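Numbering (my numbering), first residue to last: 1103 to 1593. Heads up, the beta-carbon is just placed ideally off N, CA and C, and yes, glycines get one too. What you are looking at is a predicted structure, and each value in this text was computed from that prediction instead of being measured. Below is one structure, written out as structure tokens; the observations come after it.
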């Protein structure tokens, strides 16, 4: 599989597209004024402890206080257990016995603020390097689950020998599988130096200070996105190309060797039709090659994906048509989750399948496609209603939330009242006003469609109301206001 990474840079925004075999698989956007805060380390201040929720609110200098749950409060584990396992096997100490209001606390952001929710925090600090993740508060040495089990013990033993007795735990990342001892030792030294700088800053700076900031999107491309399948990393800014090349040569020489400066006359995203893919990723409907389609709806609580056959009638019988549509949908669903950066709870409504082997094959293919995702995903089986429930780890805003805002006309509902519904609302409002006030005349200011309706089909009802209240009603069309908006002026 051939993979290219395309980077479009401007002073206000960096956009990254991961293209595999000519199809866009991932989109990442980072704006200079809205840079994500995941992995940043702050010296926070506890502003409120809630024993009933076993959580605390921490001020880290953002617009909203951040959230710390008791499960994310670090304390030393016994027996050298991995932190994630120990969190579930050891009894938790109540949060009110671990933190108190006014306390200065070193915390790390594990989820960006999403919608109306503040950032989520952890007091267990982890610092990502090129090959390793450093856990300065733990002594555990682990290996990425994506590395084959047969190699893990040998890699763990190598890493333990290199880490020595200086303290701190390490997790070997997937791209460190083939690293030399010298490369691993270099990463260990870099991570320990970074942690020393964070600790020194925590003693010197006041609460609400930023102690450590994660790499920007350009640098994270080299650290996190480059793999053995990556053929080239094409960047369209000569200034950023030089800076990224210098950064890569120092920390990620293998990845830096794949950097290419794009010098074409057409914008790099136009050349590969990336902007068209972004536009599609913001729409509800996703067409499948067979003629079927998906409907993707993102809400505050969850995301739903509905699979439809559409115009696909190419299979020999109805069961095969449904099976092939569902099978093709699994590929599209996995791709759309990555493209749109959808996270949290996701419900997939496949077309009902009668045969059990078809359901098992579709589920197996969905899990296979999800396994390619660099973000952690989990898919359950078919429920009694024929739905598949799954989760995808959410750390940053989705593409739609980053690029769009709720429509002013519909308030984010996705629909507005019909002109006739608004007209009837106006008639009721005039009657209500007439019972309370005694003006000389009522003037209705509304959208053109509503006024046209009053002048045509609803003119008889308007005239009848005018006779009933004994007052004239005049109309004024205003094109600048939305269809649901109107004013009744008392003259």
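Would you grab the beta carbon distance between residue i and residue j for me? Rounded to a whole angstrom, and I think it's under 8 Å.
i, j, result
"residue 1170", "residue 1108", "That belief does not hold up - the Cβ atoms of residue 1170 and residue 1108 are roughly 38 Å apart, past 8 Å."
"residue 1524", "residue 1548", "7 Å"
"residue 1333", "residue 1106", "6 Å"
"residue 1335", "residue 1365", "In fact, because the Cβ distance is near 15 Å, the residues do not count as touching under 8 Å."
"residue 1310", "residue 1207", "Not confirmed; about 11 Å, so no contact."
"residue 1128", "residue 1441", "7 Å"
"residue 1226", "residue 1243", "With a Cβ gap of about 16 Å, residue 1226 and residue 1243 do not count as contacting."
"residue 1276", "residue 1304", "Not a contact, Cβ separation roughly 31 Å."
For the beta strand (DSSP E) containing residue i, name the first residue and the last one.
i, result
"residue 1314", "1311-1314"
"residue 1222", "1222-1224"
"residue 1387", "1387-1389"
"residue 1578", "1575-1579"
"residue 1292", "Residue 1292 -> not in any beta strand (DSSP E); alpha helix (DSSP H) instead, spanning 1283-1306."
"residue 1590", "1588-1592"
"residue 1450", "1446-1451"
"residue 1481", "1479-1484"
"residue 1139", "Where residue 1139 is concerned, there is no enclosing beta strand (DSSP E), given that its DSSP letter is neither H nor E."
"residue 1212", "1206-1213"
"residue 1585", "Per DSSP, residue 1585 belongs to no beta strand (DSSP E) and is neither H nor E."
Should residue i be labelled buried (16 or more other beta-carbon atoms within 10 Å of its own) or exposed?
i, result
"residue 1458", "exposed"
"residue 1507", "exposed"
"residue 1215", "buried"
"residue 1552", "buried"
"residue 1120", "buried"
"residue 1234", "buried"
"residue 1480", "exposed"
"residue 1114", "exposed"
"residue 1420", "exposed"
"residue 1187", "Caution is warranted here: a pLDDT of 47 is assigned to residue 1187, below 50, making its placement in the model unreliable, and no coordinate value can be reported."
"residue 1430", "buried"
"residue 1096", "Lying outside 1103 to 1593, the shown extent of the chain, residue 1096 is not represented and no answer is given."
"residue 1405", "buried"
"residue 1182", "With a pLDDT of 49 at residue 1182, under the threshold of 50, the modelled position of this residue cannot be trusted; read the value that follows with caution. Flag for residue 1182 reads exposed."
"residue 1586", "buried"
"residue 1513", "exposed"
"residue 1190", "For residue 1190, the predicted structure reports a pLDDT of 49, less than 50, and the residue's modelled location is therefore unreliable. The matter cannot be settled from this model."
"residue 1238", "buried"
"residue 1147", "buried"
"residue 1278", "buried"
"residue 1532", "buried"
"residue 1455", "buried"
"residue 1217", "exposed"
"residue 1116", "buried"
"residue 1443", "buried"
"residue 1340", "exposed"
"residue 1118", "buried"
"residue 1155", "exposed"
"residue 1367", "exposed"
"residue 1593", "exposed"
Per DSSP, which residues does residue i bridge with? Please list them.
i, result
"residue 1155", "Looking at the DSSP assignment, residue 1155 forms no beta bridge with any residue, so it has no partner."
"residue 1497", "Answer is none; residue 1497 lacks a bridge partner."
"residue 1115", "1112, 1133"
"residue 1410", "1395"
"residue 1370", "Answer is none; residue 1370 lacks a bridge partner."
"residue 1332", "1105"
"residue 1492", "1448, 1481"
For residue i, report the span of its alpha helix (DSSP H) as first-last.
i, result
"residue 1503", "1501-1505"
"residue 1274", "Not the alpha helix (DSSP H): residue 1274 falls in the beta strand (DSSP E), residues 1271-1274."
"residue 1545", "Per DSSP, residue 1545 belongs to no alpha helix (DSSP H); it is in the beta strand (DSSP E), 1544-1548."
"residue 1566", "1561-1571"
"residue 1536", "1521-1538"
"residue 1170", "Per DSSP, residue 1170 belongs to no alpha helix (DSSP H); it is in the beta strand (DSSP E), 1168-1171."
"residue 1252", "1251-1265"
"residue 1471", "1458-1472"
"residue 1237", "Careful: residue 1237 lies outside any alpha helix (DSSP H), inside the beta strand (DSSP E) at 1234-1237."
"residue 1438", "1420-1442"
"residue 1363", "Note, residue 1363: premise wrong, no alpha helix (DSSP H); beta strand (DSSP E) at 1361-1363."
"residue 1244", "Not the alpha helix (DSSP H): residue 1244 falls in the beta strand (DSSP E), residues 1243-1245."
Contact between the region 1140-1151 and the region 1308-1321 (3+ Cβ pairs under 8 Å)
Three or more pairs of CB atoms, one per stretch, sit closer than 8 Å, so the region 1140-1151 contacts the region 1308-1321.
* Asked: Taking contact to mean at least 3 C-beta pairs separated by less than 8 Å, is the region 1488-1498 in contact with the region 1204-1215?
  -> Three or more beta-carbon pairs separated by less than 8 Å link the region 1488-1498 to the region 1204-1215, which places the two stretches in contact.
Looking at C-beta atoms only, is the number of pairs between the region 1348-1360 and the region 1128-1139 that lie closer than 8 Å three or more? Contact between the region 1348-1360 and the region 1128-1139 is absent, because fewer than three Cβ pairs lie under 8 Å.
With three or more beta-carbon pairs closer than 8 Å as the criterion, would you say the region 1482-1491 touches the region 1458-1474? Look at the beta carbons and you see the region 1482-1491 touching the region 1458-1474: at least three pairs across the two are nearer than 8 Å.
Does the region 1532-1546 come close enough to the region 1559-1577 that 3 or more CB-CB pairs lie under 8 Å? Segments in contact, yes.
| request: Inspect the CB distances between the region 1266-1277 and the region 1196-1206 and report whether three or more fall short of 8 Å. | output: Contact between the region 1266-1277 and the region 1196-1206 is absent: fewer than 3 CB-CB pairs across the two stretches fall below 8 Å.
Counting pairs of beta carbons, one from the region 1293-1312 and one from the region 1229-1244, are three or more of them closer than 8 Å? Using a Cβ-Cβ distance cut-off of 8 Å, the region 1293-1312 and the region 1229-1244 are in contact, since at least three pairs of beta carbons, one from each stretch, lie closer than that value.
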